[in-house]
Amino acid sequence: MAGWIILIGQPTAVALKLRRLSVQLTTPFVKLGDYIPLVKSRRDLANQNRELRAANDLLRQQLRAFDENVAENLRLNQKLAFKERQQFRTIGARVIGRDASNWYRSLQIDRGANDGLHPDLAVLNADGLIGKITAVTAGEARVLLLTDPSCKVSALLQGSREPGIVAGTATAGLQMTYISRTAIIHLNEPVISAGLGGVFPKGILIGTAVKGRLDPQTGLYQTLELKPAVDYRRLEEVVVILE
Amino acid sequence: MNLLFVLLLTLVLAGLQARLPAIAGLRLEFLPALVAYSALTFKQGRAILCAFAAGCLQDALSAGPFGVTALAYAIAAWVIASLGTVLDRDLPFVPFLAGSLAAIAGGLGAFCIIGVTGAAVLKLTGIALIAGLITIPVFLVADA
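Residue numbers (our numbering), protein chains in the order written: chain C, 1483 to 1725; chain G, 920 to 1063.
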């Protein structure tokens, strides 16, 4: 027991093997949850259908505008002789479980080391940034969500380009800290990843600005509450950026 | 109920716990109830083994450092089993307190990692109450 206390939380060979064994034993039971029928009412389905149609129309319009922007961007990049931006290699994964504990916020996905996953890969979906991979076994991986206070990402306010650090809060929200006290923050201004640190690529949406305030303790910088771009409670499929 | 069955039940409940959505930020925790049941039913060594296994499973299905909950549950099982000789497990408040104590031990383990805040203490109180309430039917079903 004394040895366990000393080595607790350390990625020793014994702890890694024990974790791998525990995951292998429990994952089949986590997947059993797929067979629990989730019956939705006809009204819920009709509402969902209506919302999806509206979202589809909006996305079509945005896609047309986006095509124009891409063409313009390409022309400008060619004029400036920018190096072509590298495309990401990605893999899709299904969410098979959530965090069994009340104290951390993470997901379990059905892709692992066999699919090329390893710790510190970024995870996202169409709405925005979700988190990063922290632990991997052969057939599954654990994704630490951005809403966990221990997951931090360097970020930018998209309009003003003011930098800061985004991290989770105790109430499962997001906040951006270390923003310059002189920065002007607009309501609903998007916050994107800054691409620093080598884990999260640049330009991925994290959330939108809700309310900023001067740090009450030091008064040296502003703290900004964010509305997350992703609904972390309803994640079913995610995309992992392999490189 | 024998040890093997309790261990199998722990596996199933750990898996189920990872699939349940959180309600108002609180997830139902079944494993503290299993820890309490083991501690008040088996001999101390077996109870600690069950609690340690339950903690390992919870840690494997969580983003926390592996082993923290295992250690916390093992200590809780040791304490509950030690007190078990002077407690009447058939009284409803005994399983309630034992389940709450196991949940508090798990929470204190997490506090070592995430730190202690007022919100975290409030959350631990809620978790302990829910764990205690879950423990009572677990005892009734397991003893039947």
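Glycine included, each C-beta is placed from N, C-alpha and C at the ideal position.
On the DSSP bridge assignment, give the partners of lysine 1709 of chain C in chain order. C:Thr1690
Who pairs with isoleucine 942 of chain G in a beta bridge, going by DSSP? Beta-bridge pairing links isoleucine 942 of chain G to G:Leu945.
Which residues in the same chain as isoleucine 1686 of chain C place their Cβ atom closer than 8 Å to its Cβ, once the five residues preceding and following it in sequence are excluded? Ala1604, Leu1606, Gly1610, Leu1611, Ile1674 and Ser1675.
Shorter than 8 Å from the beta carbon of serine 1588 of chain C to some beta carbon of chain G? yes
Is it true that the segment 924-940 of chain G meets the segment 1568-1585 of chain C, where meeting means three or more beta-carbon pairs spaced less than 8 Å apart? Yes: the two stretches touch, three or more of their Cβ pairs being nearer than 8 Å.
Just verifying my parser: in three-state terms, what is the DSSP assignment at alanine 1039 of chain G? Alanine 1039 of chain G: helix per DSSP, three-state reduction.
What residues are listed by DSSP as bridge partners for glutamate 1719 of chain C? DSSP, once it has assigned bridges, lists C:Arg1576 as partnering glutamate 1719 of chain C.
Across which residues does DSSP place serine 1675 of chain C in a beta bridge pair? In DSSP, serine 1675 of chain C forms a bridge with C:Ala1637.
Measure from the C-beta of leucine 1514 of chain C to each C-beta in chain D and report whether the shortest distance is under 8 Å. The question asks about chain D, but that chain is absent: this structure's protein chains are C and G.
Can the beta-carbon of arginine 1576 of chain C be found less than 8 Å from the beta-carbon of isoleucine 1591 of chain C? yes
For leucine 928 of chain G, count neighbouring Cβ atoms within 10 angstroms of its own Cβ and tell me buried if that reaches 16, exposed if not. The residue in question, leucine 928 of chain G, is buried, as its Cβ has 16 or more Cβ neighbours within 10 Å.
Does any C-beta atom of chain G lie closer than 8 Å to the C-beta of phenylalanine 1511 of chain C? Closer than 8 Å to some Cβ of chain G, the Cβ of phenylalanine 1511 of chain C qualifies, so yes.
According to DSSP, simplified to helix, strand and coil, what is alanine 1595 of chain C? helix
Give a yes or no on whether 8 Å exceeds the smallest Cβ distance from asparagine 1607 of chain C to chain G. no
Going by C-alpha to C-alpha distance, which of G:Ala995, G:Gly974, G:Ala993 and G:Ile994 sits closest to phenylalanine 985 of chain G? G:Gly974
Counting Cβ pairs, one atom from each stretch, are 3 or more of them under 8 Å apart for the segment 954-973 of chain G and the segment 1716-1725 of chain C? Segments in contact, no.
Does proline 1631 of chain C have its Cβ less than 8 Å from a Cβ in chain G? yes
Would you say alanine 1029 of chain G and valine 987 of chain G are within 8 Å of each other, going by their C-beta atoms? yes
By the three-class DSSP mapping on this structure, what secondary structure does arginine 1525 of chain C have? helix
Leaving out five residues before and five after proline 1601 of chain C in sequence, what residues of the same chain have Cβ atoms less than 7 Å from its Cβ? Ile1615, Thr1616, Ala1617 and Val1618
Could you check whether serine 1588 of chain C and leucine 1534 of chain C sit closer than 8 Å to each other, using their CB atoms as the reference points? no
Please state whether DSSP places threonine 1659 of chain C in a helix, a strand or coil. Per DSSP, reduced to three states, the secondary structure at threonine 1659 of chain C is strand.
Consider the Cβ of lysine 962 of chain G: report whether some Cβ of chain C lies at a distance smaller than 8 Å. Residue-level contact by beta carbon fails for lysine 962 of chain G and chain C, as no gap is shorter than 8 Å.
Which residues bound the alpha helix (DSSP H) around proline 1014 of chain G? 1012-1033
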